[in-house]
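Asker: There's a structure below that I have some questions on.
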Amino acid sequence: MILLTGGFSIEMLWMFGAGLLAGISAFIYFHFWAVKTKFYQEDFIHYLSWEKIVYYIGFFFVNVLVSVLIGYIITFLSMIPIIILSKMFTSRS
1 MILLTGGFSI EMLWMFGAGL LAGISAFIYF HFWAVKTKFY QEDFIHYLSW EKIVYYIGFF
61 FVNVLVSVLI GYIITFLSMI PIIILSKMFT SRS
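Reading the sequence shown from the start, the letters are residues 1 to 93 in this note's numbering.
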């Protein structure tokens with residue numbers, strides 16, 4: 001995007017914010033999905049083992065990775081109309 005606009009712009013900040021909000025909302029969605037499907041168990045502290053610790057940490061990082069990827073995809077998709085509109089409304093001199 002820096003190469004397309006020649007520098008930082010308001011659109012870049014807007015797209016970064018949109019990607020960040022999309023990532024956070026995806027993270028919240030996956031968290032509630034995990035609670036709804038009883039992925040987190042209430043009594044897992046009493047039966048904690050190294051396998052469960054690795055499992056929960058792995059699930060957390062996969063959750064963050066999926067959220068960031070969804071945020072990047074939405075950010076990239078939100079760039080397309082901005083690029084098209086900026087090409088339409090820029091004056092050709």
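C-beta: ideal position from N, C-alpha, C; glycine also.
For clarity, every value in this text was computed on a predicted model and none was experimentally measured.
1) Whole angstroms are fine: how far does the CA of Y55 sit from the CA of I83?
2) Assuming V66 and A26 are in contact, meaning their beta carbons sit under 8 Å apart, how far apart are those beta carbons, in whole angstroms?
3) Check T90 in the structure and name its three-state DSSP category.
4) Is T90 closer than 9 Å to F16 when the C-beta atoms are compared?
5) Between the alpha carbons of I28 and V64, how many angstroms are there, rounded?
6) Which term fits F32, buried or exposed, when burial requires 16 or more other beta carbons within 10 angstroms of its beta carbon?
7) Roughly how many whole angstroms lie between the Cα atoms of L85 and G71?
Answerer: Working from what's here:
1) 42 Å
2) 7 Å
3) coil
4) no
5) 10 Å
6) exposed
7) 22 Å
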